[in-house]
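Residue numbers (my numbering): 14 to 214.
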C-alpha cells in the first residue's frame, strides 16, 4: 500500500508541474533581464524528475512559431536603441547567427570589453526536456520561475566574481521554443518581452 501511495503522490506532483508549465496567465510586469517588477513568489516547479543532460533540442510537430534567422529581427526599436553602439555577433564570439539546427545565437558584446555583454540563444526544445531543465534550475540553482505571456520564465541574478557588476540568466519557454539569455552588466529594459512579442505576437 505504501508503494501505491507513493506512486499516486508522484503522479499528482507531475500533473501539478505540467499545469504550471502550460499556464497561460499573462504577466503584468516587465520581461527584461533586470526587471524589478517580477513577482515575489513563483509557482513551484519542485516536483520534478531529473534533468536530461544528453537531450538534443529538436523542433516539435506542435511548435507554433518559427525561429528568425536575423538577430535584429527579434527585438523592437526601443530595445535596439538601448543596444546602440554595442557590436552584434563579432567574429571573436563565433558561432553566432542562424545555426544548422534551426537555432539562433545573438551576441551583443564588444570584444575589447572584459565583461559587459549579452548572449541569447533561441532554440527548439520539446516539453519534456524543457520541464526537466526548468525544474533543475528552480530546485538546484535557486532560479525564480513564473508563468507570464503564455509560457514559463525562470530567472536569476548574481554578483560577478571578478567585477562589481551584476550577471544573470533569464529563460523563457513556450510552444517548444526556448529563449535563453545570459548577461553581464547589460540588461536592456524589456529585452525578453520584446523577443517574446516578436516570436509569438
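Beta carbons are placed, not taken as given, at the ideal position from N, Cα and C, and that holds for glycine.
| query | result |
| --- | --- |
| Three-way DSSP call (helix, strand, coil) for residue 211 in this model | helix |
| Distance, residue 182 Cα to residue 198 Cα | 12 Å |
| Within 7 Å, strictly: CB atoms of residue 115 and residue 102 | no |
| Contacting residues, own chain, Cβ-Cβ under 7 Å from residue 172 (five flanking each side not counted) | 179 |
| Sheet register partners of residue 180 (DSSP bridge) | 171, 197 |
| The beta strand (DSSP E) enclosing residue 130, as first and last residue numbers | 130 to 137 |
| 8 Å CB neighbourhood of residue 190 in its chain, flanking five on each side removed | 76, 78, 80, 135, 136, 137, 138, 212 |
| Backbone CA spacing between residue 55 and residue 147 [nearest angstrom] | Reliability of the predicted coordinates at residue 55 is poor, the pLDDT of 40 falling under 50, and no value is obtained from them. |
| Range of the contiguous beta strand (DSSP E) that encloses residue 92 | First-last for residue 92: 90 to 95, but that is the alpha helix (DSSP H), not the beta strand (DSSP E). |
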